[in-house]
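Participant:
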Ligand SMILES: *[C@@H]1O[C@H](CO)[C@@H](O)[C@H](O)[C@H]1NC(C)=O
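Numbering (the numbering used here), first residue to last: 400 to 573.
1) Can you give me the C-alpha to C-alpha distance between residue 481 and residue 487, rounded to a whole angstrom?
2) So, helix, strand or coil for residue 497, using DSSP?
3) Round the Cβ separation of residue 562 and residue 431 to the nearest angstrom and send it over; I've been treating them as touching at under 8 Å.
4) How far does the alpha helix (DSSP H) with residue 472 in it extend, from its first residue to its last?
5) Would you say the segment 436-448 touches the segment 513-522, given that touching needs at least three Cβ pairs under 8 Å?
6) In three-state DSSP terms, what is residue 510?
7) Judging by CA-CA distance, which residue of 475, 490, 508 and 503 is the nearest neighbour of residue 532?
8) Please classify residue 450: does DSSP put it in a helix, a strand, or coil?
9) For residue 412, which three-state DSSP category applies?
10) If you count every other CB in all the chains shown that lies within 10 Å of the CB of residue 556, and 16 or more means buried, which is it?
11) Under the rule that 16 or more other beta-carbon atoms within 10 Å means buried, what is residue 478, buried or exposed?
12) State yes or no: is the C-beta of residue 446 within less than 7 Å of the C-beta of residue 483?
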């Protein structure tokens with residue numbers, strides 16, 4: 400091999416290395432792109448909404464579509480998902496009460512597990528997460544029934560899933 404060939408190879412290798420480094424970390428969780436999971440999430444949300452008579456209250460704070468796209472809110476949504484898994488979807492009774500919960504829960508656990516390691520807790524807008532938990536608490540007080548407030552949260556699970564889908568894109572790193 401002559402020097403010219405070696406030089407070209409060296410440049411190529413360099414470019415490859417640079418390109419690999421420049422590519423943002425992949426941040427995507429398979430259930431977010433799975434139409435069956437989407438379908439099951441919608442079935443659960445509809446079931447919960449049908450039992451909910453309060454159409455004024457909303458628990459999950461609204462995120463504008465611009466903000467969803469800019470990538471900074473993925474981890475906020477992951478934190479809310481984590482709260483759902485720990486405090487709302489944790490009981491066995493829920494699995495019997497909501498159709499397809501036994502299918503959706505493992506998918507949500509997987510989304511949280513895939514995305515959480517990419518979330519730096521210092522970067523997360525905790526105020527947004529707190530607004531959600533306060534809304535949930537207030538709804539429980541208003542209904543004098545936490546189960547009803549949690550049912551409302553389950554009725555918003557389609558919103559949460561949509562937010563995760565939109566904000567945790569393949570190239571997002573935050
Ligand atoms: C709270 O709401 C749930 C679901 O609507 C109902 O089954 C339960 O009886 C209620 N509990 C109380 C204490 O009213």
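Note that beta-carbon positions come from the ideal geometry of N, C-alpha and C, so glycine has one too.
Facilitator: Quick look at the numbers:
1) Residue numbering aside, residue 481 sits at position 82 when the chain shown is read from its first letter. Residue numbering aside, residue 487 sits at position 88 when the chain shown is read from its first letter. If you take the alpha carbons of residue 481 and residue 487, they lie about 10 Å apart.
2) Translated into positions along the chain shown, residue 497 becomes position 98. Collapsing the DSSP output to three states places residue 497 in coil.
3) On the chain shown, residue 562 is found 163 positions in, with the first residue counted as 1. On the chain shown, residue 431 is found 32 positions in, with the first residue counted as 1. The beta-carbon distance between residue 562 and residue 431, rounded to whole angstroms, is 11 Å. This is too long to meet the 8 Å contact definition.
4) If you number the chain shown from 1, residue 472 lands on position 73. Neither: residue 472 is in no alpha helix (DSSP H) and is coded neither H nor E.
5) Short answer: they don't touch.
6) In the chain shown, the residue the question calls residue 510 occupies position 111. Of the three classes helix, strand and coil, the one that applies to residue 510 here is helix, per DSSP.
7) To locate residue 532, count along the chain shown from 1; it is residue 133. Checked all of 475, 490, 508 and 503; the closest Cα to residue 532 is 475.
8) Reading the chain shown from its first residue, position 51 is the one you call residue 450. If DSSP states are grouped into helix, strand and coil, residue 450 belongs with coil.
9) Within the chain shown, the letter at position 13 stands for residue 412. Reliability of the predicted coordinates at residue 412 is poor, the pLDDT of 48 falling under 50, and the value obtained from them is presented with this limitation in mind. Helix at residue 412.
10) As a first step, residue 556 must be located in the chain shown, where it is residue number 157. Under the 10 Å beta carbon count, residue 556 is surrounded by 16 or more other beta carbons and is classified as buried.
11) For the purposes of this step, residue 478 is identified with residue 79 of the chain shown, where counting begins at 1. The residue in question, residue 478, is buried, as its Cβ has 16 or more Cβ neighbours within 10 Å.
12) Within the chain shown, numbered from 1, the residue matching residue 446 stands at position 47. Within the chain shown, numbered from 1, the residue matching residue 483 stands at position 84. Cβ distance not < 7 Å, so residue 446 and residue 483 don't count as in contact.
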